[in-house]
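Protein chains: 2
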Amino acid sequence: MSPRMTSPTENFIEQMGLMTQAEGGPRIAGQILGYLIVEGEPRTLAQMTEALKISKASASTNARLLELKGSVRRVSPMGQRQDAYEALDFPNLAVIRALGERFRAHADTMTEIGAGFPESHAGARERVTRFAEFYRKTADFIDDWTAKLAEDPDLAATDRDDPR
Amino acid sequence: MSPRMTSPTENFIEQMGLMTQAEGGPRIAGQILGYLIVEGEPRTLAQMTEALKISKASASTNARLLELKGSVRRVSPMGQRQDAYEALDFPNLAVIRALGERFRAHADTMTEIGAGFPESHAGARERVTRFAEFYRKTADFIDDWTAKLAEDPDLAATDRDDPR
DNA sequence: CAAACTGTTCAATCCTTATTGAACACGCCG
DNA sequence: CGGCGTGTTCAATAAGGATTGAACAGTTTG
Chain A
1 MSPRMTSPTE
11 NFIEQMGLMT
21 QAEGGPRIAG
31 QILGYLIVEG
41 EPRTLAQMTE
51 ALKISKASAS
61 TNARLLELKG
71 SVRRVSPMGQ
81 RQDAYEALDF
91 PNLAVIRALG
101 ERFRAHADTM
111 TEIGAGFPES
121 HAGARERVTR
131 FAEFYRKTAD
141 FIDDWTAKLA
151 EDPDLAATDR
161 DDPR
Chain B
1 MSPRMTSPTE
11 NFIEQMGLMT
21 QAEGGPRIAG
31 QILGYLIVEG
41 EPRTLAQMTE
51 ALKISKASAS
61 TNARLLELKG
71 SVRRVSPMGQ
81 RQDAYEALDF
91 PNLAVIRALG
101 ERFRAHADTM
111 TEIGAGFPES
121 HAGARERVTR
131 FAEFYRKTAD
141 FIDDWTAKLA
151 EDPDLAATDR
161 DDPR
């Protein structure tokens, strides 16, 4: 029975894939991000396909997706023909930012719909509006958080003297 | 060309479904929640199947899912044979709470994996750990927010004199 | 007790999205 | 120019979940 020993690296990459999937994204995107985090230096698409056993198409598509979401950046040193990608310092910051934006969008549409309820449905309008405001406030809150992180990245790092 | 006039109610319910789907949940769960928010009072499974044109199975399953997630509560007044559900005051509070819990779970697994990296991969370990800590801090932040909301629900309501 | 009613479970179906293989486009090199 | 290396696009396939219909279990009613 094949020992199926999984190294920390393999384990991390696998979990990154599952986690990303749990959050509604493509599994492979998470795996690529995990791979880049472990490696710590730029890696080419070819290296990804090799390391993760995925198709060229997936590597290309998902790497660009990560770049779009802001978790990863494309680098291309002179004299290097292949595209390479590397993980940003705080790849998950982008995820949180996107979350806030999504919530704000939800708040906007809900607010608009709420305003459409006629006086005869004042109760429903009230409840819908309240619902929308909740999302807006949460979006504001998340924005504060990401802004704080952006200006003081150490907040997100492990700190020895927890200043709680 | 059928006028396809959509009332605010229909529109709201539809958008709730799409929004929920966008967040990775079942569309019907969102629709049910939307329906209950608009109605403002308990509604039975039969009423849901009728109003939303969904199967009995979906109504049952998704209503219980919402209950489990804490967006909705089951009520059964005496002399009432059917189960009924009603939306809680701040249904989306549960969503945010769940988000925080999920992030904390992510943080835990990542931290554990990070600890498994040997000294020879100190760099990778550092990066993985940092990644985990980011999620943990974010989870803490979200917990603070939900706690604040729980003790002072008006925060989530529309306020006329924005105390920003 | 039998019939009617209600909620749950579960296997089958449907739908959406992720993933892939193959064709394509572009640039470089000989 | 003609071939090679590389990244992207796109139609087709695969995979994963949501949704449903039908069977089931439990309760109430007459």
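Protein chains in written order, with the UniProt record's numbering: chain A, 1 to 164; chain B, 1 to 164. In this text, a Cβ means the ideal position worked out from N, Cα and C, and glycines have one as well.
In this structure, does DSSP put Thr6 (chain A) in helix, strand or coil? coil
Return helix, strand or coil for Glu86 (chain B), following the three-state DSSP convention. Strand at Glu86 (chain B).
What are the residues in the region 20-32 of chain B lying within 8 Å of chain A by C-beta distance? Ala22, Glu23, Gly24
When the Cα of Thr61 (chain B) is compared with those of B:Asn11, B:Asp144, B:Arg27, B:Arg136, which residue comes out closest? B:Arg27
In chain A, which residues lie with their C-beta within 8 Å of the C-beta of Pro91 (chain B)? Phe131
Could you pull out every unbroken alpha helix (DSSP H) segment of at least 4 residues lying fully inside the region 52-83 of chain B, listed in chain order? 56-69
Can you tell me where the alpha helix (DSSP H) with His106 (chain B) in it begins and where it stops? Per DSSP, the unbroken alpha helix (DSSP H) holding His106 (chain B) starts and ends at 91-115.
Taking 8 Å as the threshold (beta carbon to beta carbon), is Glu10 (chain A) in contact with chain B? no
Ranges of the alpha helix (DSSP H) found wholly within the region 116-152 of chain A, counting only runs of at least 4: Counting only runs of 4 or more, we get 122-151.
Please look up how many angstroms separate the CB atoms of Ala87 (chain A) and Leu33 (chain A), rounded, as I've assumed it's under 8 Å. 6 Å
Considering only C-alpha positions, which residue in the set A:Tyr85, A:Gly79, A:Arg81 is nearest to Arg73 (chain A)? A:Tyr85
Three-pair Cβ contact test at 8 Å for the region 122-139 of chain B versus the region 116-127 of chain A: no
Which chain A residues sit within Cβ distance under 8 Å of Gly116 (chain B)? Pro8, Asn11
Could you confirm whether any beta carbon from chain A is found closer than 8 Å to the beta carbon of Ala94 (chain B)? no
In terms of alpha-carbon separation, which member of A:Pro42, A:Gly100, A:Glu67 lies closest to Gln80 (chain A)? A:Pro42
CB contact check: Tyr135 (chain B) to chain A, cutoff 8 Å: Answer yes: the Cβ-Cβ gap between Tyr135 (chain B) and chain A drops below 8 Å somewhere.
Opposing strand residues paired with Arg43 (chain B) [DSSP bridges]: DSSP output for Arg43 (chain B) lists B:Tyr85 as bridge partner(s).
Amino acids of chain B, ordered along the chain, whose beta-carbon sits closer than 7 Å to that of Ile37 (chain A): Arg127, Val128, Phe131
Do Ala132 (chain A) and Ala107 (chain A) have their CB atoms nearer than 8 Å? When the beta-carbon positions are compared, Ala132 (chain A) and Ala107 (chain A) come within less than 8 Å of each other.
Give me, in chain order, the residues of the same chain whose beta-carbon lies closer than 6 Å to that of Gln82 (chain B); leave out the 5 immediate sequence neighbours on both sides. Excluding residues within five positions, the ones whose Cβ falls inside 6 Å are Thr44.
Which same chain residues, not among the five before or five after Ser55 (chain B), have their C-beta less than 8 Å away from its C-beta? Thr49
Does DSSP put Glu50 (chain A) in a helix, in a strand, or in coil? In the structure shown, the three-state DSSP call for Glu50 (chain A) is helix.
Using the C-alpha atoms, what's the distance from Glu112 (chain B) back to Val128 (chain B)? 10 Å
Taking Cβ to Cβ, would you say Ile96 (chain B) is nearer than 8 Å to Thr109 (chain A)? no
Residues of chain A with CB under 8 Å from Ala123 (chain B), in chain order? Here residue 123 (chain B) is Gly; the residue named in the question, Ala, does not match the sequence. In chain order: Gly40.
Looking only at C-alpha atoms, which of B:Glu10, B:Ser76, B:Phe134 sits nearest to Glu39 (chain B)? B:Glu10
Have a look at Gly25 (chain B) and Phe103 (chain A) and give me their C-alpha separation to the nearest angstrom. 15 Å
Please return the same chain residues whose Cβ sits closer than 8 Å to the Cβ of Asn92 (chain B), not counting the five positions on each side in sequence. Ser71
is_contact[Gln47 (chain B), chain A] using C-beta, thresh 8 Å: So no, Gln47 (chain B) is outside the interface.
For a quick check, are the C-beta atoms of residue 245 (chain A) and Pro8 (chain B) less than 8 Å apart? The requested residue 245 (chain A) is not part of the displayed model; chain A covers only 1 to 164.
Is Glu23 (chain B) helix, strand or coil by DSSP? Coil.
Can Gly22 (chain B) and Tyr35 (chain B) be called in contact, C-beta distance under 8 Å? First, the amino acid is wrong: residue 22 (chain B) is Ala here, not Gly. Cβ atoms of Ala22 (chain B) and Tyr35 (chain B): not closer than 8 Å.
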